[in-house]
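Those letters in the sequence shown? Residues 408 to 646, per our numbering, in order. Structure first, commentary second.
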Amino acid sequence: MMPPLIEVRGLRYCYEDGTRALNGVDFRLERGETVALFGANGSGKTTFVLHLNGLLAGEGIVEVCGLPVNPQNIPEIRRKIGLVFQDSESQLFMPTVLEDVAFGPLNSGMSRQDAVERAQAALQTVGMSAAAAKAPYHLSAGEKKRVAIAGILAMDPEILVLDEPTTSLDPPGQGALAELLVRLPQPKILATHDVPFARALCDRAVFFQQGVIAAEGPVEDIVIRFGWELALERSKLRR
Ligand SMILES: Nc1ncnc2c1ncn2[C@@H]1O[C@H](COP(=O)(O)OP(=O)(O)OP(=O)(O)O)[C@@H](O)[C@H]1O
Ligand SMILES: [Mg+2]
Numbered sequence: 408m409m410p411p412l413i414e415v416r417g418l419r420y421c422y423e424d425g426t427r428a429l430n431g432v433d434f435r436l437e438r439g440e441t442v443a444l445f446g447a448n449g450s451g452k453t454t455f456v457l458h459l460n461g462l463l464a465g466e467g468i469v470e471v472c473g474l475p476v477n478p479q480n481i482p483e484i485r486r487k488i489g490l491v492f493q494d495s496e497s498q499l500f501m502p503t504v505l506e507d508v509a510f511g512p513l514n515s516g517m518s519r520q521d522a523v524e525r526a527q528a529a530l531q532t533v534g535m536s537a538a539a540a541k542a543p544y545h546l547s548a549g550e551k552k553r554v555a556i557a558g559i560l561a562m563d564p565e566i567l568v569l570d571e572p573t574t575s576l577d578p579p580g581q582g583a584l585a586e587l588l589v590r591l592p593q594p595k596i597l598a599t600h601d602v603p604f605a606r607a608l609c610d611r612a613v614f615f616q617q618g619v620i621a622a623e624g625p626v627e628d629i630v631i632r633f634g635w636e637l638a639l640e641r642s643k644l645r646r
């Protein structure tokens, strides 16, 4: 039997300052699935996704395509999982946008010409071709996000993990990203506060609460159960 794409059992992680960010997370990603990670600020979503490609290493079991995430397997696992960080600043580091997006393919051994072609195609996909020669640190927040997404698409990973992908994108950009992701065949994990985005893309949702997954189910059920869409309306803020 094929193992699940991602299997996490009993994952615990404590930051150096003593913050217990994960307190026993159990999670599976099956083939063909797109799953939303919901949960309040600080509930552990980002800490969780950073374990999937070995950027953090807690206690418990984390396996990708049957491979334990350990130093020996990390290079292979990072080819399988494309992770777009919540903070795109920390993802962009080359002098130009094109170099940045081509970095992954080049680093994985592709010829310069092939890597540049991949990068150009990925930039086109996210609507950032015109910025190819710009310095990433001169881009707006939404533009940085798009370039970071292009950098992952250029690697053509088997699984896509996006942490708050719609943050800083303008409404047309959010729509375009949703349409782009729907067309991509890869299974996906989307950590997001954007309920319409999750509803449009995800087969199910899990809900993080204080470092554990407190519930999982169809997106709509989770949204209703945790009042996840109506909080702003309920705040009685009126002008
Ligand atoms: N580098 C760090 N050092 C210490 N504590 C941290 C660090 N990074 C995160 N934390 C803490 O770990 C907990 C989980 O944070 P995490 O970033 O995983 O939450 P999140 O669910 O992604 O939140 P958000 O919705 O705001 O993105 C929080 O209490 C946070 O303050
Ligand atoms: Mg986060």
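For every residue, glycine included, the Cβ atom is placed at its ideal position computed from N, Cα and C.
For this session: Excluding the 5 residues preceding and the 5 following residue 510 in the sequence, name in chain order all residues of the same chain whose CB lies nearer than 6 angstroms to its CB.
Result: 501
For this session: Report yes if the C-beta of residue 452 is less than 7 angstroms from at least one heavy atom of ligand 2; otherwise report no.
Result: yes
Problem set entry | Given residue 560 as reference, the closest of 537, 532 and 545 once Cα atoms are compared | 532
Exercise. Can you tell me where the alpha helix (DSSP H) with residue 521 in it begins and where it stops?
Worked result: 519-532
Problem set entry | Where the alpha helix (DSSP H) through residue 580 begins and ends | 578-590
For this session: Give me the Cα-Cα distance between residue 614 and residue 520, rounded to the nearest whole angstrom.
Result: 43 angstroms
Exercise. Is there contact here, the region 491-508 with the region 472-481, by at least three beta-carbon pairs under 8 angstroms?
Worked result: no
Exercise. So is residue 581 buried or exposed if we call it buried at 16+ other beta carbons inside 10 Å?
Worked result: buried
Exercise. Is any heavy atom of ligand 3 found at a distance shorter than 7 angstroms from the C-beta of residue 428?
Worked result: As presented, the structure is devoid of ligand 3, carrying ligand 1 and ligand 2 as its sole ligands.
Problem set entry | Distance between residue 481 and residue 465 (C-alpha atoms, nearest Å) | 15 angstroms
Problem set entry | Within 8 angstroms, strictly: CB atoms of residue 595 and residue 588 | yes
Problem set entry | Residue from 468, 427 and 440 whose Cα sits closest to the Cα of residue 417 | 468
Exercise. Excluding sequence positions up to five away, which residues of its chain have a Cβ less than 8 angstroms from the Cβ of residue 636?
Worked result: 602 and 630
For this session: Taking all protein chains shown into account, decide if residue 608 is buried (16 or more other Cβ within 10 angstroms of its Cβ) or exposed.
Result: buried
Exercise. Ends of the alpha helix (DSSP H) at residue 448?
Worked result: From DSSP, residue 448 is part of no alpha helix (DSSP H); its letter is neither H nor E.
Exercise. Can the beta-carbon of residue 576 be found less than 8 angstroms from the beta-carbon of residue 551?
Worked result: no
Exercise. Can you check whether the CB of residue 415 is closer than 8 angstroms to the CB of residue 489?
Worked result: no
Exercise. Roughly how many whole angstroms lie between the Cα atoms of residue 440 and residue 610?
Worked result: 6 angstroms
Exercise. Could you give the C-beta distance for residue 620 and residue 434, rounded to a whole number, given that I count them as a contact under 8 angstroms?
Worked result: 6 angstroms
Problem set entry | Helix, strand or coil at residue 428 according to DSSP, with G and I counted as helix | strand
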